[in-house]
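What follows is a set of notes on a single structure, which appears directly below.
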Amino acid sequence: GGSRGLSCAGMSWPRQVLRALRLRLVGPAKELVGTDQFGNKYYRVPEHESRAGQMIPERRFVEAVNRQPYQYEMGDFPTEWEAWIRKKRKDPPSIEEILKNENYREEIKQKAKEVSEKDKLLQASEYKEGLVAEPVRTQVKGHASAPYYGKQEPSQDPTSTASTFQPGSWVPPGSSSSHKK
Numbered sequence: 001g002g003s004r005g006l007s008c009a010g011m012s013w014p015r016q017v018l019r020a021l022r023l024r025l026v027g028p029a030k031e032l033v034g035t036d037q038f039g040n041k042y043y044r045v046p047e048h049e050s051r052a053g054q055m056i057p058e059r060r061f062v063e064a065v066n067r068q069p070y071q072y073e074m075g076d077f078p079t080e081w082e083a084w085i086r087k088k089r090k091d092p093p094s095i096e097e098i099l100k101n102e103n104y105r106e107e108i109k110q111k112a113k114e115v116s117e118k119d120k121l122l123q124a125s126e127y128k129e130g131l132v133a134e135p136v137r138t139q140v141k142g143h144a145s146a147p148y149y150g151k152q153e154p155s156q157d158p159t160s161t162a163s164t165f166q167p168g169s170w171v172p173p174g175s176s177s178s179h180k181k
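Using this note's numbering, the letters of the sequence shown map in sequence onto residues 1 to 181.
Encoded structure:
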């Protein structure tokens, strides 16, 4: 067959010559830089000179494993890779780095969850003891943080911890102070 002879002739070209030709025509080939844990492939096209002699800056992009480029959304890819694509970081991340960061983020989420669980339990027990108002009441819109002039100044610090929290003596509008339980 004639096709066979063609492929042999193609192979006889030195690789460097083909590469040089290709560089002149279409620019450098994309280089696979890495793959994330989802199978998305990350490429870079190195900085190169165009046929017109202009310097074309390095290009970075991702080929998503199971979606079209136009379906690409923020958060579909590991943040480390997104940072690399946007050139916020010089070197591509290693899979170890990504997994380490992922574990770290999971730990943080877990800790946050535990803290909020503890917080809820603490609030529930303080509510039983009458130390804090019902959580529902805090939803009332109004100037609950307005200064209160009385014998005891409530704490002006809203970020105080639960143990040192000092409730202000704010009474919902419409109820007189005689209704206090």
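Ideal Cβ positions, reconstructed from N, Cα and C, are used throughout, including at glycine. Remember, predicted model here, so these are calculated numbers, not experimental data.
Margin query: Considering Cα atoms alone, identify which of 123, 94 and 56 is closest to residue 79.
Written below: 94
Notebook entry, point to check: What is the DSSP secondary structure of residue 41, reduced to helix, strand or coil?
Noted result: Residue 41: strand per DSSP, three-state reduction.
Margin query: In the DSSP assignment, the alpha helix (DSSP H) including residue 59 goes from what residue to what residue?
Written below: Run containing residue 59: none in the alpha helix (DSSP H); it sits in the beta strand (DSSP E), 59-63.
Note to self: Taking the beta carbon of residue 42 as the centre, do at least 16 other beta carbons fall within 10 Å, making it buried, or is it exposed?
What the structure shows: buried
Check: How would you call residue 62, buried or exposed, if buried means at least 16 neighbouring beta carbons within 10 angstroms?
Finding: Classification of residue 62: buried, given that the 10 Å Cβ count is 16 or more.
Next item on the list: State the beta-bridge partners of residue 182 as determined by DSSP.
Entry: The requested residue 182 is not part of the displayed model; the chain covers only 1 to 181.
Check: Since residue 32 sits in a beta bridge, which residues does DSSP pair it with?
Finding: Partner(s): 43.
Notebook entry, point to check: Taking DSSP as the reference, what is the three-state secondary structure of residue 122?
Noted result: helix
Checklist line | Supposed close pair residue 98, residue 37 - CB separation, criterion 8 Å | finding: Rounded to whole angstroms, the Cβ separation of residue 98 and residue 37 is 7 Å, and the two are in contact under 8 Å.
Check: Looking at residue 100 and residue 60, is the spacing between their C-beta atoms short of 8 Å?
Finding: A distance of 8 Å or more separates the beta carbons of residue 60 and residue 100.
Check: Residues in its own chain within less than 6 Å of residue 127 by CB, not counting five upstream and five downstream?
Finding: none
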